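Novice: Residues 3 to 448 (my numbering) make up the sequence shown, in order.
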Amino acid sequence: MKAKDSELMEKIVSLCKRRGFIYQGSEIYGGLSGTWDYGPLGTALKNNVRNLWWKKFVTDREDMYGVDAAILMNQNVWKATGHVGGFSDPLVTCDKCKKRFRADKVEGYDLKAEKGKCPDCGKGDLGKPVQFNMMFKTHAGAVEDDSSISYLRPETAQGMFVNYKNIIDSFHPKLPFGMGQIGKAFRNEIAPRDFTFRSREFEQMEIEYLVNPKDWAPTFEHFRKEMLDWTKQIGLNPVNVYENEIADADRAFYSKRTIDFEFDFPFGRSELYGLAYRTDYDLKKHSEFSGVELSYLDEETKEKFVPHCIEPSFGLDRTILAILSSAYTEDNMNEEVRAYLKFAPVVAPVKVAVFPLLKNKPALVEKAREIYQALRKEFGAVMFDDNGNVGKRYRRQDEIGTPYCVTVDFDTIEKDNTVTVRDRDTGKQERVEAAKLSDYLKSKLN
Ligand code: GAP
3 MKAKDSELME
13 KIVSLCKRRG
23 FIYQGSEIYG
33 GLSGTWDYGP
43 LGTALKNNVR
53 NLWWKKFVTD
63 REDMYGVDAA
73 ILMNQNVWKA
83 TGHVGGFSDP
93 LVTCDKCKKR
103 FRADKVEGYD
113 LKAEKGKCPD
123 CGKGDLGKPV
133 QFNMMFKTHA
143 GAVEDDSSIS
153 YLRPETAQGM
163 FVNYKNIIDS
173 FHPKLPFGMG
183 QIGKAFRNEI
193 APRDFTFRSR
203 EFEQMEIEYL
213 VNPKDWAPTF
223 EHFRKEMLDW
233 TKQIGLNPVN
243 VYENEIADAD
253 RAFYSKRTID
263 FEFDFPFGRS
273 ELYGLAYRTD
283 YDLKKHSEFS
293 GVELSYLDEE
303 TKEKFVPHCI
313 EPSFGLDRTI
323 LAILSSAYTE
333 DNMNEEVRAY
343 LKFAPVVAPV
353 KVAVFPLLKN
363 KPALVEKARE
373 IYQALRKEFG
383 AVMFDDNGNV
393 GKRYRRQDEI
403 GTPYCVTVDF
413 DTIEKDNTVT
423 VRDRDTGKQE
433 RVEAAKLSDY
443 LKSKLN
């Protein structure tokens, strides 16, 4: 990764807004802290990542079942898991300016002595923390009383555990098998920060993989490798990805082993994903609170037990931020500083752009449009661009990370039916026969 600094972060945030990747949520009303809206290119990038993940971890495997559970869940789900009582962060308030902070994220705050100085006004004292529950509470239905309380789910995981019995009854899978889900999660973070890194509304891609407890260790190792493999697949440089084995004292109480996958974000090394051995904690708790038996009967051994769970958990928005951070590159091209996104082709929101050299020459436009339509059928995400001169178009496509630009010029229509194909990373151009263009791009993009 290039410089780890706030300047790089600012450049990424500004490019994301300028080019239609990510905007502040509710921007025209002054924004809503911790929320982000994805524009057309951000949406395309996110869809590519979501689809790749679903393919790798769900459809390409015989042992996975996809789920799309409701965001609003019965409040007893969160009582069972301990979220109602314990899903909280330590909140401290400045006695002078009254600003609120997450105690464990304030530089210089002494968690043992429970005191520190306000990082904002610098004058006030931050006293004892109070526990602040991060779940968004609402009421389902017209009556607002205790019985109608519901929560926006703070993780997608529980939507899978509560469907364990449904999956068993509908599909009769044998252990080991897993459930996978992609969807929104909500946390009322005390201090949303670092662009989309810590948001109040975000998306998770999670797996709850169920095993016989004797098999947990090799399964954990399998997913550790799969998660690292995934980071390579989406184009993250392995030197920027770290595994952090969480010590016994620092793990969630239900986890017997946790690895945090960390990444060199522009603001420093921080958690990207987590892999946890959750034991039988969740299914046991749901069984206890719902009164429904959630065990598994091994038909061969006649052994009956509550399956244990290995949970690979991925934040989709953090994935996008990691991809953007690692793709952002500056170099010198034609004696000018050029900023571009060096996306891996699999995630690039636009795979190819097609230009007519001049937009006021109908024969060039017609030919370019013909090539554009043919490539769209093959690659889907193809853009037609005739705005400004060709140099400007290259810059624009570089900035949105388009791997290849195809230009139709006079040689195409008057001489040899060849086009120029320009490579985003090197800026080098090659002449390619129009009839062989699709195969040429296919080999390059794959
Ligand atoms: N089911 C386990 C679970 O939710 P987590 O570590 O709290 O574990 C998993 O969250 C992943 O979700 C994180 O590694 C991160 O990628 C993402 N994530 C968590 N909180 C987030 C937030 N406030 N904003 C964006 N992504 C977040």
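Just so it is clear, CB atoms sit at the ideal spot from N, CA and C, and this is done for glycine as well. Fair warning: this is a prediction, and the values are worked out from it, not measured in the lab.
#1: Secondary structure at R189, three-state DSSP: helix, strand or coil?
#2: Would you kindly work out how many angstroms separate the C-alpha atoms of E273 and T331, rounded to a whole number?
#3: Are the CB atoms of V384 and L377 within a distance shorter than 7 Å?
#4: Can you tell which of H85, M162, E208 has the C-alpha that lies nearest to the C-alpha of L296?
#5: Along the alpha helix (DSSP H) that carries R426, what are the first and last residues, could you check?
#6: Going along the chain, which unbroken runs of the alpha helix (DSSP H) with 4 or more residues stay wholly within the region 220-298?
#7: Is the region 194-213 touching the region 299-306 in the sense that three or more CB pairs, one from each, lie closer than 8 Å?
#8: If you draw a straight line from the alpha carbon of V164 to that of E338, how long is it in whole angstroms?
#9: Report all residues from its chain with a CB closer than 6 Å to the CB of I14; omit the five preceding and five following residues, and keep chain order.
#10: Identify whether S445 lies in helix, strand or coil by the three-state DSSP scheme.
#11: Tell me where the beta strand (DSSP E) around R340 begins and ends.
#12: Is the region 186-200 touching the region 229-240 in the sense that three or more CB pairs, one from each, lie closer than 8 Å?
#13: Check whether the region 264-281 and the region 52-64 touch, using three or more Cβ-Cβ pairs below 8 Å as the test.
#14: Taking only three categories from DSSP, how would you classify S35?
#15: Using CA atoms only, rank isn't needed, just tell me which of A350, L212, G180 is closest to Y67.
#16: Sorry if obvious, but does the Cβ on A159 come closer than 6 Å to a heavy atom of the ligand GAP?
#17: By DSSP, does A5 sit in helix, in strand, or in coil?
#18: By DSSP, does C311 sit in helix, in strand, or in coil?
#19: Thinking C-beta only, is A159 closer than 7 Å to G237?
#20: With N50 as the anchor, note down where its alpha helix (DSSP H) starts and where it stops.
#21: Which runs of the alpha helix (DSSP H) spanning at least 4 residues fall entirely within the region 315-391, listed in chain order?
Specialist: Taking the coordinates as given:
#1: Locating residue 189 in the sequence shown gives position 187, where the first residue counts as 1. The answer is coil: DSSP assigns R189 none of H, G, I, E or B.
#2: Numbered from 1 along the sequence shown, position 271 holds the residue referred to as residue 273. Numbered from 1 along the sequence shown, position 329 holds the residue referred to as residue 331. Approximately 22 Å, taken between the alpha carbons.
#3: Numbered from its first residue, the sequence shown carries residue 377 at position 375. Numbered from its first residue, the sequence shown carries residue 384 at position 382. For L377 and V384, yes; Cβs fall inside 7 Å.
#4: As a first step, residue 296 must be located in the sequence shown, where it is residue number 294. Ranking H85, M162, E208 by Cα distance to L296 puts M162 first.
#5: Locating residue 426 in the sequence shown gives position 424, counting from the first residue. Neither: R426 is in no alpha helix (DSSP H) and is coded neither H nor E.
#6: 283-292
#7: no
#8: Stepping through the sequence shown from its first residue, residue 164 is reached at position 162. Stepping through the sequence shown from its first residue, residue 338 is reached at position 336. Answer to the nearest angstrom: the Cα atoms are 57 Å apart.
#9: Here residue 14 refers to the residue found at position 12 when the sequence shown is read from its first residue. Answer for I14: L326, Y330, listed in chain order.
#10: Position 443 of the sequence shown, counted from the start, is the residue given in the question as residue 445. DSSP places S445 in helix when its eight states are reduced to three.
#11: Locating residue 340 in the sequence shown gives position 338, counting from the first residue. Element bounds for R340: 338-343.
#12: no
#13: no
#14: As a working mapping, residue 35 is identified with position 33 in the sequence shown. Three-state result, S35: coil.
#15: Indexing the sequence shown from 1 puts residue 67 at position 65. Checked all of A350, L212, G180; the closest Cα to Y67 is G180.
#16: Counting from one through the sequence shown, the residue named residue 159 turns up at place 157. Yes - the ligand GAP has a heavy atom lying nearer than 6 Å to the Cβ of A159.
#17: Your numbering for residue 5 matches position 3 in the sequence shown. Reliability fails at A5, whose pLDDT of 45 lies under 50, so the model's placement of it is uncertain and the value that follows must be treated cautiously. In this structure, A5 counts as coil in the three-state DSSP scheme.
#18: Taking the first residue of the sequence shown as 1, we reach residue 311 at position 309. Residue state, collapsed to three classes: strand.
#19: By 1-based counting over the sequence shown, the position of residue 237 is 235. By 1-based counting over the sequence shown, the position of residue 159 is 157. Contact: no.
#20: Translated into positions along the sequence shown, residue 50 becomes position 48. Residue range 42-56 is occupied by the alpha helix (DSSP H) that includes N50.
#21: Segments of the alpha helix (DSSP H) lying fully in the region 315-391: 318-329, 364-381.
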